[in-house]
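First residue of the sequence shown? That's 244 in the UniProt record's numbering, and the numbers climb one at a time after it.
Glycine residues also receive a C-beta, built at the ideal position from the N, C-alpha and C atoms.
In this text, all values refer to a predicted model and were calculated from it rather than measured experimentally.
Have a look at the structure below, then the notes.
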Amino acid sequence: DKAGHKHFMAKEIAEQPAVIGEALSRYLTADGEIMLPDPGLDFTKIDRITMVACGTAFYACLTAKYWFEQIARMPVEVDVASEFRYREPPISDRTMALFVSQSGETADTLAALRYCAGKADLITSVVNVTESSIARESNLALPIHAGVEVGVASTKAFTCQLTVLFLMVLKAAVDRGAITKEELADYVSGLRSMPSLINTALEQNAALRDEAYKLSSARDVLFLGRGAMFPLALEGALKLKEISYIHAEAYASGELKHGPIALIDENVPVVVMAPNDTLFDKTVSNMQEVMARKGKVILISDRAGLDEAAEGTWGQIEMPPVADALAPILYAIPAQLLAYHTAIAKGTDVDQPRNLAKSVTVE
Ligand code: F6R
């Protein structure tokens, strides 16, 4: 049932404030303490984390790496499941292996889990389908509470994965004494404001549809982001290719000048994910390098960021201001809606893109 929406994808994008609210209510007490299902995690017993996943879930892991390192001061390694085993990575003592999967049945992710079983101290997973193989074979499975996701392109599962991973990061930071009570309270209140911030972001639907219409005639699109916005740029590019079949790639903003800038000309739209954070000025200077080569920039930032840097850009999308760390969750919304409306403009099958399956059970 699409609940009045044209596509499951549109319904699932719109559901995000509700499902993230639900996930938060399952993992936070009224006084803002983090509660994980039993057996609860004790991050004083682990020194490092190895995260493994595929596709969109892999990008959630890449985002969480920034968070675990910056906020909880824990070293994290991330790999795609289809390569992880072939590296034959040594798993040292006091390692937690963490698998992220919406379906819980992705063959490569499950195989990576089995590789780690008996080697890592602890096998944990972040899943949507709680009765899945990956959940069953984990010592601890954390549900994301996104509800059934039907659209092949993952949307609400991604933001719920990010939400649950952020809560894990906070738990790790508390256990390891990496943050103060006040910092924890700030992060928790930031998380609690996400549903309403996402509602505000969803109000940009019409503006995003207009930008998507412009994108729909492009052959190639680049996405740029710095810091934890880099994985989100990767996710934006993946969404666009999956459902609109436009070739899209993402780069860390600072990497552009090391090669990909050669691609830029007046035919290449470049989507710049630039929340007004400590990295903003650097991202903007990379954006200006694109504009100097006639690249057409769509800048996604907040009011202050747009006021400072939108001059001469091809398109602008305004997001509400957000705590720096939580920007990847909020900016997922414009990434999803851009892909959605571009696909609509091109007339492709949004919910069932060609060649793709919801659950990939072959390696
Ligand atoms: C992208 C997408 C895929 C999945 C990937 C992993 O929109 O849906 O990239 O994220 O196949 O699937 P799960 O999370 O079920 O392991």
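heavy atom of the ligand F6R below 7 Å from residue i C-beta
{"i": "glutamine 595", "result": "no"}
{"i": "glutamate 258", "result": "no"}
{"i": "glutamine 579", "result": "no"}
{"i": "leucine 458", "result": "no"}
{"i": "threonine 306", "result": "no"}
{"i": "valine 321", "result": "no"}
{"i": "glycine 298", "result": "yes"}
{"i": "serine 325", "result": "no"}
{"i": "leucine 440", "result": "no"}
{"i": "alanine 396", "result": "yes"}
{"i": "valine 603", "result": "yes"}
{"i": "threonine 352", "result": "yes"}
Nearest to residue i (by Cα), restricted to the options the options
{"i": "lysine 537", "options": "Ala476, Ala428, Leu506", "result": "Leu506"}
{"i": "alanine 566", "options": "Ala552, Ser544, Glu551", "result": "Ser544"}
{"i": "glutamate 561", "options": "Leu569, Leu365, Pro577", "result": "Pro577"}
{"i": "aspartate 244", "options": "Leu522, Tyr574, Ala570, Val393", "result": "Val393"}
{"i": "residue 633", "options": "Ile541, Asp592, Thr604", "result": "In the structure as shown, the chain begins at 244 and stops at 606. Residue 633 is therefore absent and cannot be evaluated."}
{"i": "residue 633", "options": "Val515, Gly497, Ala449, Lys414", "result": "Residue numbering for the chain in the displayed model covers 244 to 606; residue 633 lies beyond these limits and cannot be assessed."}
{"i": "leucine 279", "options": "Ala266, Arg337, Leu451", "result": "Ala266"}
{"i": "valine 391", "options": "Lys254, Trp557, Glu446, Met294", "result": "Lys254"}
{"i": "residue 607", "options": "Val372, Tyr329, Arg337", "result": "Summary: the structure shown does not reach residue 607, with the chain confined to residues 244 through 606, and so no result is reported for it."}
Local conformation of residue i per DSSP, three classes
{"i": "aspartate 322", "result": "strand"}
{"i": "isoleucine 541", "result": "strand"}
{"i": "histidine 248", "result": "coil"}
{"i": "glutamate 606", "result": "coil"}
{"i": "valine 514", "result": "strand"}
{"i": "isoleucine 489", "result": "coil"}
{"i": "residue 644", "result": "No statement about residue 644 is possible, as the shown extent of the chain runs from 244 to 606 and does not include it."}
{"i": "alanine 273", "result": "coil"}
{"i": "alanine 600", "result": "coil"}
Environment of residue i [buried if 16+ CB atoms lie within 10 Å]
{"i": "histidine 501", "result": "exposed"}
{"i": "valine 605", "result": "exposed"}
{"i": "lysine 424", "result": "exposed"}
{"i": "tyrosine 574", "result": "buried"}
{"i": "leucine 413", "result": "buried"}
{"i": "glutamate 554", "result": "exposed"}
{"i": "serine 375", "result": "buried"}
{"i": "serine 487", "result": "buried"}
{"i": "glutamine 333", "result": "Before going further, note that residue 333 is proline rather than glutamine in the sequence given. Looking at its Cβ environment, which holds fewer than 16 other Cβ atoms inside 10 Å, proline 333 is exposed."}
{"i": "alanine 493", "result": "buried"}
Any chain C beta carbon closer than 8 Å to residue i
{"i": "alanine 415", "result": "Absent here is chain C; the protein component of the structure consists of one chain."}
| message | My parser needs the alpha helix (DSSP H) runs of 4 or more residues fully inside the segment 415-475; what are they? | response | 424-435, 437-445, 448-458
| Which runs of the beta strand (DSSP E) spanning at least 3 residues fall entirely within the UniProt domain "SIS" (282-421), listed in chain order? | 291-296, 319-323, 338-344, 365-370, 383-386
| task | Please list the segments of the alpha helix (DSSP H) lying wholly inside the segment 552-591, counting only runs of 4 or more residues, in order along the chain. | result | 570-589
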